[in-house]
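Encoded as structure tokens, the structure appears first; notes follow it.
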Amino acid sequence: NDSKSLAMANIGDLRGIFQFDSQGIRALARNGGVDSFNDLVSYCSLFRPGPMQSGFHEQYIRRKTGQEEYTIHPLLKPILSSTYGLLCFQEQIMQVMNVAGGIPLKDCYVVVKAISKKKVKLFEKYKDQFIKTASINLGLSLLDATVFWDQIERFAEYSFNLSHATAYC
């Protein structure tokens, strides 16, 4: 959390730094601001195809900078509050699937790995359970619970776990 390093990151002066050398991720850091090392860890994880397909990288910036209001369901607050109510790391996917969808954690790990390897048959069997249970636990319509599942599925296609994103940073 060196103040000079944070100031450099805030203006996108990250060229030549592993994982932060592209124009896109430098713009993400500039637009969202870097208040701590954890911001860089989140940006590193969000600047991947899965999170970007879901638009989470842009939504994260809007929420972080106060441009977008949001609420987090009380069941999901312990899981998503540090990332402005958005999925950012694989561990969060597993916890959401467990808490909201009632899927045992040991199976959640299998689902995340299966999704990342595009082995649909291995995780398809949990879809109905997640949708049904999440709609009850989170007070969502079946359609909204399905949208949530679809976001998880897209996000997990290529996402990082927290330790991997931290090590990269």
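In the numbering used here, the protein residues as written are 73 to 241.
Each residue gets a CB set at the ideal place from its N, CA and C atoms; glycine is no exception.
### Message
Are the CB atoms of GLN167 and ILE151 within a distance shorter than 8 Å?
### Response
Annotated as proximal: ILE151 and GLN167, with beta-carbon spacing under 8 Å.
### Task
Starting from GLN95, trace the alpha helix (DSSP H) both ways and give me its first and last residue.
Taken as a continuous stretch (DSSP letters only), the alpha helix (DSSP H) holding GLN95 covers 95-104.
### Query
Quick one: Cα of TYR181 to Cα of ILE89, how far?
In a straight line, the C-alpha of TYR181 is about 31 Å away from that of ILE89.
### Task
Just tell me which of GLN95, GLY122 and GLY84 has its CA closest to the CA of ASP111.
Distances from the alpha-carbon of ASP111 to those of GLN95, GLY122 and GLY84 put GLY84 closest.
### Query
Taking the alpha-carbon positions, what's the LYS190 to ASN170 distance?
Approximately 20 Å, taken between the alpha carbons.
#### Entry: First and last residue of the uninterrupted alpha helix (DSSP H) at GLU225
Run containing GLU225: 214-228, per the alpha helix (DSSP H) assignment.
### Query
Quick one: complete alpha helix (DSSP H) runs, 4+ long, within the segment 177-209?
Inside the segment 177-209, DSSP marks whole alpha helix (DSSP H) runs of 4 or more residues at positions 177-188, from first to last along the chain.
### PRO123 to TYR132 span [Cα, whole Å]
Roughly 10 Å between the two C-alpha positions.
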